[in-house]
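Engineer: The working numbering applies: residue 7 is where the sequence shown begins, and numbers increase by one.
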Amino acid sequence: MKKIVINLFVLILLCFQLHAQIKVPYGPLMFVDTLGLRPLNSCISIPDSLNNIWKVAIPEKAYFDTGYSDSIAILTDSMDYYANNCNDYFTISISAYGYTIIGEGILSFYHKFDTDTLLDGGVIEISYDEGNTWINIKDNGVGMSSEFIGLYEDTISGGVYGFSGKSDGWQYVELYWHWNAITGVKSGSRFYENPILRFRFVSDDQQTNKEGWMIDDLIFRAYAPIGDVKEFNDNDLQIFPNPVVDYITIRSKSQTLDGFLFTLYDMYGKIIKQMQVEREWIDLSDVHQGVYICKLQKENRIMIKKLVKN
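1) Could you tell me if V250 is buried or exposed, where buried requires 16 or more neighbouring beta carbons within 10 angstroms of its beta carbon?
2) So if DSSP puts T269 in a beta bridge, which residue, or which two residues, is it bridged to?
3) So, helix, strand or coil for G164, using DSSP?
4) Count the C-beta pairs between the region 241-249 and the region 125-138 that are closer than 8 Å, then say yes if the count reaches three, no if not.
5) Quick check on N142: does DSSP put it in helix, strand or coil?
6) Ends of the beta strand (DSSP E) at Q244?
7) Assess, as a yes-or-no matter, whether the region 81-89 is touched by the region 43-55 under the definition of 3 or more beta carbon pairs within less than 8 Å.
8) Since F169 and D94 should fall inside the 8 Å C-beta cutoff, what is the C-beta to C-beta distance between them, to a whole number of angstroms?
9) For L263, which residues in the same chain have their Cβ closer than 8 Å to its Cβ, ignoring the five residues on either side in sequence?
10) By Cβ distance below 6 Å, which residues in the same chain neighbour N146 in space, the five residues on each side in sequence not counted?
11) Quick one: measure Cβ to Cβ for V266 and L290, integer angstroms, because I've assumed they're closer than 8 Å.
12) Hey, how far is the Cα of F115 from the Cα of W60?
13) For G137, I'd like the list of residues in its chain whose CB is within less than 6 Å of its CB, leaving aside the five on either flank, ordered along the chain.
14) Closer than 6 Å by C-beta to S195: which residues in its own chain qualify, once you throw out the five before and the five after it? Chain order, please.
15) According to the Cβ coordinates, are F205 and Y182 closer than 8 Å?
16) To which residues does DSSP link S114 through a beta bridge?
17) Can you have a look at G218 and say buried or exposed, based on whether 16 or more other CB atoms are within 10 angstroms of its CB?
18) I need the boundaries of the beta strand (DSSP E) containing I308, first residue and last residue.
19) If the criterion is Cβ atoms closer than 8 Å, does the pair I100 and E180 meet it?
20) Within its chain, find whatever has a CB closer than 8 Å to the CB of D252; leave out the 5 residues flanking it on each side and keep chain order.
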């Protein structure tokens, strides 16, 4: 289901090296498309569904026992171990929904996998020419960030990058496109319009009673292009203490605090708290302990900091 976002916000790209890296886009959020499985979103296609190992169903296995946020998921068979000699896939066609240009895009999902380590596994590939040619998304240089959240480092048979082995429960993955790679805007000598992602599961001829690959909560977020954004430096704007227990203080040497917008995100980019700054302190006593991203914005100037809550 597509949701148009009314309250636009501006973020600057930033990476934090913690348990994972988070991509915070430059531009305002244009829309969010929750790629639902019931009914199946029109962007998702399972070719030859009767013979394809990929099913949208309620999982009934030992490790694959339920979806992430609902009872259903898209997975390699809902009841049985995956078969030998698999090379089955489903695709997601990323649409610009009539927009002339999208500045950036993020596709995120949760998944589990259980395969023969370094032999069988799941591969994500992308095509910019309507499926005529495919490239592993880890090797893709067209408008893709080289720093993903949760993408594979292992390889499977043939030295192909893929998810392999057994995941530690549900894992979060985020794929990030920048600038014009997901619209009809010309880039060099080619058009990259509505790319297609292929989620392909591969196995060899040995049966070892593993469950395969399961995916849920597929979400695509589109962000508008944006012009020049300037950062506050530490001499202009200060946020302290860090770590914080209950209250943080905001001090500016060159700006009044009127007009500042404060936003606190978790490490998956979810907004935890947002408010207009009306005084020098902000109450965070109701925020759980953890690591967050704190953003202060005034017009086209911005500061983003990692914030630890004790």
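Yeah, the Cβ is synthetic: ideal placement off N, Cα and C, and Gly gets one too.
Structural biologist: Quick answer:
1) Result: buried.
2) DSSP lists Q280, K301 as partners of T269.
3) Annotated three-state conformation of G164 is helix, per DSSP.
4) The region 241-249 vs the region 125-138: no contact.
5) Reduced to three states, the DSSP call for N142 is strand.
6) Q244: member of the beta strand (DSSP E) spanning 243-246, first to last residue.
7) Fewer than three pairs of CB atoms, one per stretch, sit closer than 8 Å, so the region 43-55 makes no contact with the region 81-89.
8) Their Cβ separation, rounded to whole angstroms, is 15 Å, which puts F169 and D94 out of contact at 8 Å.
9) Cβ within range, chain order: I256, V283, E284, R285, E286.
10) These residues qualify, in order along the chain: I132.
11) What sits at residue 266 in the sequence shown is Phe, not Val. For F266 against L290, the beta-carbon gap comes to about 16 Å, at or over 8 Å, which does not count as contact.
12) Taking the straight line joining both Cα atoms gives about 16 Å.
13) So the qualifying residues of the chain are I202.
14) Confidence at S195 is low in this model, with a pLDDT of 38, below 50, so its placement is unreliable and no value can be given for it.
15) The criterion of a C-beta distance shorter than 8 Å is not satisfied by F205 and Y182.
16) Paired residues: E180, I225.
17) Buried, since its Cβ has 16 or more Cβ neighbours within 10 Å.
18) Its beta strand (DSSP E) spans residues 307-315.
19) For I100 and E180, no; Cβs fall outside 8 Å.
20) Excluding residues within five positions, the ones whose Cβ falls inside 8 Å are D289, L290, S291.
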